[in-house]
Amino acid sequence: MKLSARTCYGTRALVEMARHWNQGPILLKDIAHNQNISLPYLARLMSPLIAAGLVRSTRGLHGGVQLMRPPHEIKADEVIRLLEGSVYPRECVTNPDSCPQSGICAIRDVWAELGKTIDGLLGSITLQDLVEKQAAKIRSKEIMYYI
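Mapping of the sequence shown onto the numbering used here: residues 65 to 211, in sequence order.
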């Protein structure tokens, strides 16, 4: 399964917003800079996140974007489904009518199990978990640099 750039960048943008949780809105240009994402592309990514109620956009002097819920309440599976669609590698798993072989296909069972495993893993990870993991990686890199 290969995730799109849209999903990778969108997830990184949400992690950046999670890092700034309870600090008010963050400017898109700051997210773009901190996460090395093109500003026009990032702006387009915000539409589905806002429409889904994950992100709020505020205009004006103290405007920007921010998460609508605490980072510990937003799971990776929700983000991936929103940006990517199904986590199942083949349509036949979720829509058996899409393939005339689905009732007798052995590999379909493998795809279904793979999808369940991916779904379970993503459902166990929150944005807060990703913020903490990123902070640990940054600390580890800083320690290694100074030794």
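Ideal Cβ positions, reconstructed from N, Cα and C, are used throughout, including at glycine.
Under the three-state reduction of DSSP, residue 66 is assigned to coil, being neither helix nor strand.
In the three-state reduction of the DSSP assignment, residue 121 falls in the strand class, which pools E and B. Following the DSSP letters along the chain, one finds residue 151 in no alpha helix (DSSP H), marked with neither H nor E.
Where residue 99 is concerned, the enclosing alpha helix (DSSP H) starts and stops at 92 to 99. Taken atom to atom, the span from the alpha-carbon of residue 112 to that of residue 159 is near 24 Å. Under the three-state reduction of DSSP output, residue 198 falls in the helix class.
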